Every structure is written in structure tokens, then in C-alpha cells.
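Report on the following structure.
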Ligand SMILES: O=P(O)(O)OC[C@H]1O[C@H](O)[C@H](O)[C@@H](O)[C@@H]1O
Ligand SMILES: [Fe+2]
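Numbering (the numbering used here), first residue to last: 296 to 480.
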């Protein structure tokens, strides 16, 4: 008998049964997100140790296994750098045609998407919201609420993460607070 994996966030993060080699936990602090936010002055004044998000990934097969799936759960804290909401780094997939599901678990925010022609759009995330991210579409999540935003994801184990394209050219639009309203600019 094997112990079940349970993806309720609190269980996923704390249960000792989930510390096996196939569960990888990572944390991104503000210092890991240098160059991500537009307001360099506001970013410069903030504590670089501040946690922006945690990711727990369940990797039941080896990376690059054709046909395999990975699953992750991300907790993205509430905050802003200047007027821009805390967000994930964002990425394309290295195997660019690989798709992914995201779904909202807790809190509120937006999934920001950008295709290869740099068209940007956003989908509102909330508990139970489901998002199909087609291949060749970059994706990042912003927390626009006052509580933590928790979302989960399922992606092919041979998708890989391409962060370099976003690091070089960014997203064509940003989600910022304009008079209290999340707005793509
Ligand atoms: O990788 P980031 O762009 O920082 O996003 C954070 C994470 O969000 C989700 O959990 C994805 O499934 C992960 O693959 C990703 O690593
Ligand atoms: Fe992805």
C-alpha cells in the first residue's frame, strides 16, 4: 500500500508523507524576481527576502518523460511593487507546443497570457476557475486580492520551462492597480 497524495494546499505543504523525492518544493523571494516588475525604484526599496510565492510540484515521473504529467500547487502572496501586483515569473514551455491546465483554489487574481505574436489577455482566477493554456502561450499569474492566491496546475512532463524569452522581452502588457481596479496596460 502507498500513502495517497493529497493536494489540499495545507496538506500538500505540511504533511510529512509528501516529502518524498517526487515532491519538489521551491520558494521565490522578491530578490529572485529582479527585472520582473516595472517600477525599479519601488522594487529597490523593498526587502529582497520577502516571499512572493511557494510552489510544490508533484513529479511522479522523470522530467522529459513523453506522455507523463506533472502537477503543482502555487501559493502567491498578496502585495504590490509600486502599482504592479505580485506575480509569478511567467514562462513559455521549452517544448513550445505543450499545453497546461491551471485552476483557482483560493483567493483571487488573474492569469495573464501572451501568444507568440505578443498579444496579451487575462482570465480572472477564483476558487474553482479553470484555465486551459494552449501551447505557444506564455503564462503568469498575478494576485489582485488582499489574501493569498492559491492555484494548481497540471502540465506534460516534457514541457519544460523557458524563462529566457520572458526575461529578455517581458510580457507586452502588465497588470497594474489603476484607482483600485486591476487593469492591463
Ligand atoms: O515557473 P513560474 O513562472 O515562476 O510559475 C510558478 C509555477 O506555477 C505553476 O505551479 C506551474 O505549474 C509551475 O510549473 C510553475 O513553476
Ligand atoms: Fe507552464
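Note that beta-carbon positions come from the ideal geometry of N, C-alpha and C, so glycine has one too.
Values in this document were obtained by computation on a predicted structure and should not be read as measured data.
Residue i - DSSP class collapsed to helix/strand/coil
i           : result
residue 348 : strand
residue 471 : strand
residue 460 : helix
residue 406 : strand
Contacting residues, own chain, Cβ-Cβ under 8 Å from residue i (five flanking each side not counted)
i           : result
residue 396 : 425, 426, 427, 428, 448, 449 and 450
residue 334 : 376, 377, 378 and 379
residue 381 : 347, 348, 371, 372, 373, 374, 375, 437 and 438
Cβ neighbours of residue i in the same chain (closer than 6 Å, five flanking residues each side left out)
i           : result
residue 321 : 350
residue 472 : 378
residue 460 : 387
Burial state of residue i (16 or more Cβ within 10 Å)
i           : result
residue 406 : buried
residue 367 : buried
residue 456 : exposed
residue 404 : buried
residue 339 : exposed
residue 312 : Note that residue 312 scores a pLDDT of 46, beneath 50, so its modelled location is shaky and nothing firm can be said.
residue 438 : buried
residue 413 : exposed
residue 435 : buried
Neighbourhood of residue i by C-beta distance below 7 Å, restricted to the same chain and skipping five residues each side
i           : result
residue 423 : 399
residue 361 : 453
Rounded Cβ spacing between residue i and residue j (contact assumed at less than 8 Å)
i           : j           : result
residue 409 : residue 466 : 5 Å
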